[in-house]
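S.K.: Numbering (the UniProt record's numbering), first residue to last: 1 to 60.
Ideal Cβ placement from N, Cα and C applies to all residues, glycine included.
Please read these numbers as outputs of a predicted model, since none were measured by experiment.
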Amino acid sequence: PGGTDSRHYAAITKDTYRFVPYELDTEDMERIHGRNERLSISAFAKAVQVYAELMREAGQ
Numbered sequence: 001p002g003g004t005d006s007r008h009y010a011a012i013t014k015d016t017y018r019f020v021p022y023e024l025d026t027e028d029m030e031r032i033h034g035r036n037e038r039l040s041i042s043a044f045a046k047a048v049q050v051y052a053e054l055m056r057e058a059g060q
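1. Tell me where the alpha helix (DSSP H) around Tyr17 begins and ends.
2. Under 8 angstroms, with one C-beta from each stretch per pair, do the stretch 42–54 and the stretch 19–31 reach the 3-pair mark?
3. Given this structure, state the Cα-to-Cα distance separating Ala13 from Glu27, to the nearest angstrom.
4. Can you give me the start and stop residues for the alpha helix (DSSP H) that Thr26 sits inside?
5. Please report how far the alpha carbon of Ser6 lies from the alpha carbon of His33, in whole angstroms.
Here's what the structure looks like:
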């Protein structure tokens, strides 16, 4: 259990950068990769904010 989708890129690159764009509290950590996996609303909102900014910056 656990891991990322980065394993799918192993055949085309030797380096992958893996990160989560939010801080996980103890409750989030307990829910990740478990039954009924989910994030807190605040962690999800932070991820949306980070990815939106990443796309804005990449598009310039």
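M.R.: Put simply:
1. For this step, residue 17 is matched to residue 17 along the sequence shown. Tyr17 -> no alpha helix (DSSP H), and no H or E assigned at all.
2. yes
3. Walking along the sequence shown from the start, residue 13 turns up at place 13. Walking along the sequence shown from the start, residue 27 turns up at place 27. Contrary to the premise, residue 13 reads as Thr rather than Ala in this sequence. Thr13 and Glu27: Cα-Cα distance of roughly 34 angstroms.
4. By one-based count along the sequence shown, residue 26 stands at place 26. From DSSP, the alpha helix (DSSP H) with Thr26 extends over Thr26 to Arg31.
5. Taking the sequence shown and counting its residues from 1, the one referred to as residue 6 is at position 6. Taking the sequence shown and counting its residues from 1, the one referred to as residue 33 is at position 33. Those two C-alpha atoms are separated by around 16 angstroms.
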